[in-house]
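Here the structure is laid out as structure tokens; the discussion comes afterwards.
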Amino acid sequence: MVWKCQPDGQIAGRIGDRDKERDIPGFVLPSPYLDVEWAPDGLLRVNNPGRHRVEFYTPDGHLELAWGRPGMAIECFSGCCNPINLALLPDGTVVTCEKGLPRVKLHSPHGEFLGVVAGVEMFPDNAKTGAGEGFGDGVRASLDAVTDPEGRVYILDTVTRQIHVMEPLETT
Numbered sequence: 000m001v002w003k004c005q006p007d008g009q010i011a012g013r014i015g016d017r018d019k020e021r022d023i024p025g026f027v028l029p030s031p032y033l034d035v036e037w038a039p040d041g042l043l044r045v046n047n048p049g050r051h052r053v054e055f056y057t058p059d060g061h062l063e064l065a066w067g068r069p070g071m072a073i074e075c076f077s078g079c080c081n082p083i084n085l086a087l088l089p090d091g092t093v094v095t096c097e098k099g100l101p102r103v104k105l106h107s108p109h110g111e112f113l114g115v116v117a118g119v120e121m122f123p124d125n126a127k128t129g130a131g132e133g134f135g136d137g138v139r140a141s142l143d144a145v146t147d148p149e150g151r152v153y154i155l156d157t158v159t160r161q162i163h164v165m166e167p168l169e170t171t
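Take the sequence shown: its letters are residues 0 to 171, numbered as in numbering that gives the first Met the number 0.
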């Protein structure tokens with residue numbers, strides 16, 4: 000769950016608990032990944048990897064929107080528990096990171112699949128480690144991302160300890 004705290008550190012509530020009355024199914028976290036992003040629209044974006052989706056919450060914990068589904072198609076989230084990390088571009092586009100088949104994708108604020116930022120071929124060591132074939136702990140084979148105001152996506156590969164900088168494509 001996500002703990003909501005006052006500026007002085009006092010706990011003010013929890014977000015993401017199962018609540019049938021408010022139609023909140025609750026977080027399913029089968030792996031150690033929970034990410035949150037506060038968006039300019041005032042809604043908190045949270046990954047729910049066990050449900051293969053991204054959820055949007057109000058500051059008081061009401062579930063406003065959820066999108067995503069499991070599957071092997073590129074627009075879906077594969078494996079047991081994806082997406083594992085999130086980032087937001089300045090225009091509200093959601094960047095999702097996945098493990099197992101390590102890839103980074105773009106989605107509109109309402110969940111429409113927009114494209115791939117970086118595919119599995121960019122992270123061969125991460126994919127091998129995640130499958131138990133490489134070095135290190137497969138559970139820790141992950142990707143994380145942040146963005147900047149110019150729309151670049153910085154991707155951390157936790158296996159190789161490299162940061163990949165992805166520039167937006169020029170469109171004419």
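Just so it is clear, CB atoms sit at the ideal spot from N, CA and C, and this is done for glycine as well.
No Cβ-Cβ contact shorter than 9 Å links Leu85 with Leu105.
Residue range 102-106 is occupied by the beta strand (DSSP E) that includes Lys104. At the C-beta level, Lys98 and Leu142 come within 9 Å of one another.
Three or more beta-carbon pairs drawn from the region 50-69 and the region 10-23 are found closer than 8 Å, and the two stretches are therefore classed as touching. The beta-bridge partner set that DSSP reports for Met165 consists of Val152. Under the three-state reduction of DSSP output, Val119 falls in the helix class. Taken through DSSP and simplified to helix, strand or coil, Arg17 comes out as coil. Contact between Cys79 and Arg68 does not hold, since their C-beta atoms are separated by about 14 Å, which reaches or exceeds 8 Å.
Taking each of Ala65, Glu132, Arg151 in turn and checking the Cα distance to His109, the smallest one comes out for Ala65. DSSP places Val1 inside the beta strand (DSSP E), whose first and last residues are 1-4. Residue pairing by DSSP places Phe112 opposite His106 in a beta bridge.
Nearest Cα to Glu149 within the set Val1, Asp40, Asp90: Asp90.
Cβ-Cβ distances below 6 Å link Ile23 to Leu62 in the same chain, with the five nearest sequence neighbours on each side left out; the list follows chain order. With a cutoff of 9 Å on beta-carbon distance, Ala130 and Ile154 are scored as not near each other.
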